[in-house]
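2 protein chains.
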Amino acid sequence: MKIDIDTLLAWGAAYKKVAAGEIIFREGTESSFYYQLVSGKVRWVNINNEGKEFIQIIIEPDECFGELPLFDGEPFAASAIADEDSVIIRLHKSIFHQLLKENPELHFEFTKLLTQRLRFKFLILKELANHNPENSISTLLGYFKQTQKNICTKCNRLKLTRQQIADMTGLRVETVIRTMKSMQLKGDLQITKGKVYC
Amino acid sequence: MKIDIDTLLAWGAAYKKVAAGEIIFREGTESSFYYQLVSGKVRWVNINNEGKEFIQIIIEPDECFGELPLFDGEPFAASAIADEDSVIIRLHKSIFHQLLKENPELHFEFTKLLTQRLRFKFLILKELANHNPENSISTLLGYFKQTQKNICTKCNRLKLTRQQIADMTGLRVETVIRTMKSMQLKGDLQITKGKVYC
DNA sequence: AATTGAGTATGATTTCAATCATATCTTACC
DNA sequence: GGTAAGATATGATTGAAATCATACTCAATT
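Sequence lines, in order, name chains A and B.
Residue numbers for the first sequence follow the working numbering, beginning at 1 and rising by one.
Residue numbers for the second sequence follow the working numbering, beginning at 199 and rising by one.
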């Protein structure tokens, strides 16, 4: 799912630059826009009352985000924070609807994206409910490998820190470090100079 | 999201009766149908290697299920099992696509359903990652109350067993029982004769 | 080459849900 | 009213991840 930038611009979308660490939108606030990442990296997170983050999705260029309120009218389900300096493009909700209406094939693409995200949630949820750190991590890495996300396609290097893995699985860094170390001993992955290859 | 049964039949859909406990489809198998529940109750679950179930969603009449493979072409993400004797109606994938194409407003309804399901996953996932049984249960009950699911609209009685709550949160029955008991003491819910009202 | 900071590593201890075991309640049915 | 089955209740114990504390490694920067 990626809407052509020229198309978005033609329909009146606007660019916006955000600095690393900047909050793009906050969980619980109302929304009126379709967001798409042009360059940089954005994490879509929930922050609990102790300040601990849970990363719902890491958004890479050409992916959209913040799409739930566009259809159910509810507030944002999570906050979007720029991981790096990024450029986003956004289009007003009503125009986005119009765009989908006039381009059924685009609507099908969008539906496909939603089902992929939903499938990812199904996958993670069943693992988290299992309370087995190794399974959770291994499922997450398997998903990244399969979808070519967050893994270098050339050298198979995992482009995430242990902390990010922890924030996506609800585990603690130490647990992730210890678990990945034991996975290395079993030959499930390689670690050289602290970098993970799988 | 509910497609009118007459419409489904007109497009060639077929009814199917399933007995309580019967498996409608299995996680990991290929799919070619849109499924909608006519009557009864269906749980959409993942079963781990120790036989423990994780309930992804409980489907009530007029809701669809098994929709992920329709758009991303992957196998079923979870198994559907009849909780009670049920009647389902199913329509072939290609015809379903055609139906959406010719009825854009229906496609928008369907997209809305997907976003609602995705939002529910966001909600549960962030709570499970928090590892706080009381928060998880309370979030789940709050969701049921708000969406009028699994709760009697007249008497506010929770129509789920402690085991089902456990299977939706990845907790154990005993933990759910103890946690709900303590929630009762705090006045967060009422329990009379083992029945929960909230 | 020295400094710095983010990330990784590892040991010791604590905590809380899981587990195990058993008892009691509730409802349906004969 | 008695019985059975499913669900709820509760105590005792265990275990694995969280927590706390501290140290080390790597790579970037000066």
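Just so it is clear, CB atoms sit at the ideal spot from N, CA and C, and this is done for glycine as well.
Using the C-alpha atoms, what's the distance from residue j back to residue i?
{"i": "B:K250", "j": "A:E67", "result": "33 angstroms"}
{"i": "B:I253", "j": "A:T179", "result": "27 angstroms"}
{"i": "B:E258", "j": "B:L356", "result": "15 angstroms"}
{"i": "B:K319", "j": "A:G12", "result": "32 angstroms"}
{"i": "B:E282", "j": "B:K214", "result": "14 angstroms"}
{"i": "A:Q148", "j": "B:K391", "result": "53 angstroms"}
{"i": "A:Q184", "j": "A:C198", "result": "10 angstroms"}
{"i": "A:D167", "j": "B:R360", "result": "29 angstroms"}
{"i": "B:L369", "j": "B:F342", "result": "18 angstroms"}
{"i": "B:V216", "j": "B:A208", "result": "22 angstroms"}
{"i": "A:G142", "j": "B:K393", "result": "42 angstroms"}
{"i": "A:Q190", "j": "A:I151", "result": "13 angstroms"}
{"i": "A:D6", "j": "A:G40", "result": "19 angstroms"}
{"i": "A:E27", "j": "A:I57", "result": "14 angstroms"}
{"i": "A:S31", "j": "A:P69", "result": "6 angstroms"}
{"i": "B:E261", "j": "A:I23", "result": "36 angstroms"}
{"i": "B:E272", "j": "B:V371", "result": "33 angstroms"}
{"i": "B:C353", "j": "B:D386", "result": "16 angstroms"}
{"i": "A:N132", "j": "A:T169", "result": "10 angstroms"}
{"i": "B:V374", "j": "A:N48", "result": "22 angstroms"}
{"i": "A:K8", "j": "B:K379", "result": "Here residue 8 of chain A turns out to be Leu, not Lys, going by the sequence shown. Going from the Cα of A:L8 to the Cα of B:K379 covers about 53 angstroms."}
{"i": "B:T227", "j": "A:I3", "result": "31 angstroms"}
{"i": "B:F223", "j": "A:A14", "result": "45 angstroms"}
{"i": "B:I363", "j": "B:E325", "result": "14 angstroms"}
{"i": "B:K310", "j": "A:E50", "result": "32 angstroms"}
{"i": "A:Q146", "j": "B:T351", "result": "44 angstroms"}
{"i": "A:Q116", "j": "B:K384", "result": "40 angstroms"}
Could you list which residues in chain A have their beta carbon closer than 7 angstroms to that of residue i, in chain order?
{"i": "B:V266", "result": "It should be noted that the sequence gives Leu, not Val, for residue 266 of chain B. Correct list: T115, L118, R119."}
{"i": "B:K352", "result": "The contacting residues do not exist; B:K352 stays about 26 angstroms from chain A at best."}
Quick test of your reading: residue i and residue j, contact by CB under 8 angstroms. State the CB separation rounded to the nearest angstrom.
{"i": "B:L321", "j": "A:L114", "result": "The Cβ separation is near 16 angstroms, so there is no contact."}
{"i": "A:F110", "j": "A:M1", "result": "6 angstroms"}
{"i": "A:F65", "j": "A:L99", "result": "That pair is no contact at about 17 angstroms."}
{"i": "B:A280", "j": "B:A327", "result": "Not a contact, Cβ separation roughly 31 angstroms."}
{"i": "A:Y34", "j": "A:F96", "result": "4 angstroms"}
{"i": "B:L323", "j": "A:L125", "result": "6 angstroms"}
Could you tell me which chain B residues have their CB closer than 7 angstroms to the CB of residue i, listed as they occur along the chain?
{"i": "A:H131", "result": "G368"}
{"i": "A:K101", "result": "P302"}
Practice problem: Taking 8 angstroms as the threshold, find out whether the segment 274-288 of chain B comes into contact with the segment 228-247 of chain B through three or more Cβ pairs. | Solution: Output reads yes: the segment 228-247 of chain B touches the segment 274-288 of chain B.
Quiz item: Should the segment 94-106 of chain A be called in touch with the segment 127-142 of chain A, which here means at least 3 C-beta pairs below 8 angstroms?
Solution: Not touching, per the Cβ criterion.
Quiz item: Looking at chain B, which residues of the segment 104-128 of chain A have a Cβ within less than 8 angstroms of any of its Cβ atoms?
Solution: Residues P104, H107, F108, F110, T111, K112, L114, T115, Q116, R117, L118, R119, K121, F122, L123, I124, L125, K126, L128.
Quiz item: What are the residues of the segment 70-89 of chain A that lie near chain B, defined by any Cβ-Cβ distance shorter than 7 angstroms?
Solution: If the cut-off is 7 angstroms between Cβ atoms, the segment 70-89 of chain A has F71, D72, E74, A77, A78 near chain B.
Quiz item: How about the segment 83-98 of chain A and the segment 282-292 of chain B: do they share at least three Cβ pairs that are nearer than 8 angstroms?
Solution: Taking a contact to require three or more Cβ pairs closer than 8 angstroms, the segment 83-98 of chain A and the segment 282-292 of chain B do not qualify as touching.
Exercise. Using a Cβ-Cβ cut-off of less than 7 angstroms, list which residues of the segment 243-258 of chain B approach chain A; keep chain order.
Key: For the segment 243-258 of chain B, residues whose beta-carbon sits nearer than 7 angstroms to a beta-carbon of chain A comprise N244, N246, F252, Q254.
Exercise. With 9 angstroms as the C-beta to C-beta threshold (strictly closer), list the residues of the segment 360-387 of chain B near chain A in chain order.
Key: Residues D365, M366, T367, G368, L369.
Quiz item: Can you list, in chain order, the residues of the segment 331-350 of chain B whose Cβ is nearer than 8 angstroms to any Cβ on chain A?
Solution: Correct list: empty, as no residue qualifies.
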